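Residue numbers (numbering that gives the first Met the number 0), protein chains in the order written: chain A, 0 to 320; chain B, 0 to 273.
For every residue, glycine included, the Cβ atom is placed at its ideal position computed from N, Cα and C.
Nothing here was measured: the structure is a model prediction, and the numbers come from that model.
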Amino acid sequence: MSEALLDIRHLKKYFPVKSGLFSRTVGHVKAVDDISFAIRPGETFGLVGESGSGKSTVGRTAIRLMDKTAGDVHFQGIDLYELSEQKLRRLRPRMQLIFQDPYSSLNPRVRIGDAIGEALLDHELASPAEVREQVQDVLASCGLSSYHMDRFPHEFSGGQRQRIGIARALILNPDLIIADEPVSALDVSIQAQIINLFSHLQETRGLTYLFISHDLSVVEHLCSTIGVMYLGSMVEKASRDELFLHPLHPYTKALLSAVPVPIPKLKRERIVLKGDIPSPANPPSGCKFHTRCPFAEKRCREEIPVFRDAGNDHWVACHLV
Amino acid sequence: MGLIEEPAGQIAGGAIEFEGENLLELSRNHLRAIRGNEISMIFQEPMSSLNPVLTIGEQLAEPLMIHRKLGRKAAQQRALELITEVGISRPEQIIRAYPHELSGGMLQRIMIAIAISCEPKLLIADEPTTALDVTIQAQILDMLRSFREDRGMSILLITHDLGVVAEMADYVIVMYSGKVVEEGGVVELFEHPRHPYTQGLLRSKPVMNQRQKALYSIPGYVPNPLELTASCYFHDRCEHCMDICRERQPPLRELDNGQKTACWLYEKEAAVHV
Numbered sequence: 000m001s002e003a004l005l006d007i008r009h010l011k012k013y014f015p016v017k018s019g020l021f022s023r024t025v026g027h028v029k030a031v032d033d034i035s036f037a038i039r040p041g042e043t044f045g046l047v048g049e050s051g052s053g054k055s056t057v058g059r060t061a062i063r064l065m066d067k068t069a070g071d072v073h074f075q076g077i078d079l080y081e082l083s084e085q086k087l088r089r090l091r092p093r094m095q096l097i098f099q100d101p102y103s104s105l106n107p108r109v110r111i112g113d114a115i116g117e118a119l120l121d122h123e124l125a126s127p128a129e130v131r132e133q134v135q136d137v138l139a140s141c142g143l144s145s146y147h148m149d150r151f152p153h154e155f156s157g158g159q160r161q162r163i164g165i166a167r168a169l170i171l172n173p174d175l176i177i178a179d180e181p182v183s184a185l186d187v188s189i190q191a192q193i194i195n196l197f198s199h200l201q202e203t204r205g206l207t208y209l210f211i212s213h214d215l216s217v218v219e220h221l222c223s224t225i226g227v228m229y230l231g232s233m234v235e236k237a238s239r240d241e242l243f244l245h246p247l248h249p250y251t252k253a254l255l256s257a258v259p260v261p262i263p264k265l266k267r268e269r270i271v272l273k274g275d276i277p278s279p280a281n282p283p284s285g286c287k288f289h290t291r292c293p294f295a296e297k298r299c300r301e302e303i304p305v306f307r308d309a310g311n312d313h314w315v316a317c318h319l320v
Numbered sequence: 000m001g002l003i004e005e006p007a008g009q010i011a012g013g014a015i016e017f018e019g020e021n022l023l024e025l026s027r028n029h030l031r032a033i034r035g036n037e038i039s040m041i042f043q044e045p046m047s048s049l050n051p052v053l054t055i056g057e058q059l060a061e062p063l064m065i066h067r068k069l070g071r072k073a074a075q076q077r078a079l080e081l082i083t084e085v086g087i088s089r090p091e092q093i094i095r096a097y098p099h100e101l102s103g104g105m106l107q108r109i110m111i112a113i114a115i116s117c118e119p120k121l122l123i124a125d126e127p128t129t130a131l132d133v134t135i136q137a138q139i140l141d142m143l144r145s146f147r148e149d150r151g152m153s154i155l156l157i158t159h160d161l162g163v164v165a166e167m168a169d170y171v172i173v174m175y176s177g178k179v180v181e182e183g184g185v186v187e188l189f190e191h192p193r194h195p196y197t198q199g200l201l202r203s204k205p206v207m208n209q210r211q212k213a214l215y216s217i218p219g220y221v222p223n224p225l226e227l228t229a230s231c232y233f234h235d236r237c238e239h240c241m242d243i244c245r246e247r248q249p250p251l252r253e254l255d256n257g258q259k260t261a262c263w264l265y266e267k268e269a270a271v272h273v
């Protein structure tokens, strides 16, 4: 497994639920519950799931922006959670995060050029004299112009702000970019521009992406390997073709059939799931999906299914497969 | 609906006819009798459209008591039935709950229950599933479809999601910067989009199981509504832009198959037909 850029094993992240006068811990929200996967250099790994599935928490614990509860994370062979704060900081430029809403991650009173360049200065990767030039370069590769440097965040449209978010991550010349719903807040015509920018940057810079999204059509377009999450667990993981052509887990099948397709004549067999996503604070016993699964049996309510290879490096956690 | 308050919401011109009556000429009281009764509306964010200090039951009963003149008891009874109709179990519990106790999908169902409670002839649904997860979206769309079929209710669905349009709509209007640029039956419009904007929109959306190398993307950004000129609003993003597009705005013309578009490219075809 030394070839992996990011190797996550049995990662768990529980958030305590506090209640009462003395804030006693009364339970845990198992946001991430025993997840393992690896991303090879140059690959785009897609993490899909609905709200509350824990996909963003995986993204944050994967680069130790948040502490884990259990498990291991290796980045370029280095155990991230063993590092001292100082060493971790030195490694930070190698792994960057892009958020869904770049507007709320930009200081409204800082000019774009400074906002993009500040990380370079912070990490002492460039002298103040060099920064301006590097910012210009990175703006150009993100499809913005150098005159944008002196503008403020509110002067930009949503698509441009996302380009700024990408530029901020890119200027540190990272190996890994974790993109958390980067195109979800954008209009389709702008979304296409940003998706193409992601592909282009990967080709020219050999970037590795962990792409977190709820939009399966976007994930199919960009990602080579895809993991599907449900209530903190990974229920299926396979290459793009395997997953889209031969989905095994009933949840993946339902998810795929629920995506509206812009072809009016197409009649598809649709699996409409019953009920809501259960609360992660109180997940169902056995297989967490059994409350909504159309095929659930007695065993599904009692035993937790094992995440195993069903052949072709197609991993699935379901008793019925 | 006349929901945008004046003076900002003052309607500059035109008419809105509902069952032959011009809504713009109706008195406040007359309009109130139609709103929520014959025409009702659901919004994108159910959380912010429900009153947080009233129970679900009170909010469901309100239109029934006002428009249908039901007594409190009868309205409560009807509210229970409505909750069951929109696919929520334990109606007795839900009726006493406050909005913050329910999930987004459940709240959107409650919104639909309120909207259909007086059996409207027209339901205006403004991005009803945009804030929801796909599996919940599928449930809500299924439900809207069945209400349309069972009750003969018309739906005006406002959305940016072309997939949702393809699944739900019979007739589609595409807007750009406040103007209708194209309209037509759903099948013709998706199979033969005429306006370059519609074409661009359809090509720029990644479609499952139809992978392309790079996505088509419409260059540029939507124009600022304060800086619109007499040109075609789409001209600076259009790959077929001609001289006339920069000078004059194209009118909406009907083409031979009944589809309508506002684009100078089709001027000849449309002229023959007219």
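Query: Buried/exposed call for His191/B, threshold 16 Cβ in 10 Å; Result: exposed
Query: Residue-level contact to chain A via CB, Leu264/B, 9 angstroms cutoff; Result: no
Query: Under 8 angstroms from the C-beta of Asp132/B: neighbouring residues of chain A; Result: Glu49, Ser50, His213 and Ile276
Query: 3-residue-minimum beta strand (DSSP E) runs that sit fully inside the segment 210-269 of chain A, ordered along the chain; Result: 224-229 and 232-238
Query: Sequence-distant residues of the same chain with beta carbon closer than 6 angstroms to Val173/B, five excluded per side; Result: Val180, Glu181 and Thr197
Query: For Glu235/A, the nearest candidate out of Ala168/A, Leu46/A, Gly116/A and Lys12/A (CA to CA); Result: Leu46/A
Query: Continuous beta strand (DSSP E) stretch holding Gln95/A: start and end; Result: Met94 to Ile97
Query: Distance between Leu244/A and Ser1/A (C-alpha atoms, nearest Å); Result: Its pLDDT being 48, under 50, Ser1/A is placed unreliably in this model, and the value from its coordinates should be taken loosely. So the alpha carbons of these two residues sit roughly 30 angstroms apart.
Query: Residues near Ser104/A by beta carbon distance below 6 angstroms, same chain, minus five either side; Result: Phe98
Query: Rounded separation between Asp174/A and Glu42/A - CA only; Result: 11 angstroms
Query: Simplified DSSP assignment, three categories, for Lys120/B; Result: coil
Query: Cut-off 8 angstroms between Cβ atoms - residues of its own chain near Pro107/A, not counting five sequence neighbours on either side; Result: Phe151, Pro152 and His153
Query: One or two residues paired with Pro15/A in a DSSP bridge; Result: His27/A
Query: Between the CA atoms of Ala37/A and Val218/A - distance to the nearest angstrom; Result: 17 angstroms
Query: Span separating the alpha-carbon of Leu247/A from that of Asp141/B; Result: 24 angstroms
Query: C-beta atoms of Asp32/A and Leu230/A nearer than 9 angstroms; Result: yes
Query: Contacting positions in the segment 254-272 of chain A - beta carbon closer than 9 angstroms to chain B; Result: Leu254, Leu255, Ser256, Ala257, Val258, Pro259, Val260, Pro261, Ile262, Pro263, Lys264, Leu265, Arg269, Ile270, Val271 and Leu272
Query: Residue range of the alpha helix (DSSP H) that includes Ile139/B; Result: Val133 to Arg150
Query: Own chain, CB closer than 7 angstroms to Cys299/A, minus 5 neighbours either side, in chain order; Result: Gly285, Cys286, His289, Cys292 and His318
Query: For Ala34/A, the three-state DSSP class (helix, strand or coil); Result: Sequence inspection shows Ile at residue 34/A; the Ala mentioned does not correspond to that position. Strand, per DSSP.
Query: Cβ neighbours of Gly226/A in the same chain (closer than 6 angstroms, five flanking residues each side left out); Result: Phe36, Leu46, Met233 and Lys236
Query: Contact list for Arg210/B against chain A, beta-carbon separation under 8 angstroms; Result: Glu219 and His220
Query: Euclidean distance between Cα positions of Met167/B and Leu121/B; Result: 15 angstroms
Query: DSSP state of Gln159/A mapped onto helix, strand, coil; Result: helix
Query: Residues of the segment 141-168 of chain B with Cβ closer than 9 angstroms to any Cβ of chain A, in chain order; Result: Asp141, His159, Asp160, Leu161, Gly162, Val163, Val164, Ala165, Glu166, Met167 and Ala168
Query: Below-9 angstroms beta-carbon distance, Ala96/B vs any chain A residue; Result: no
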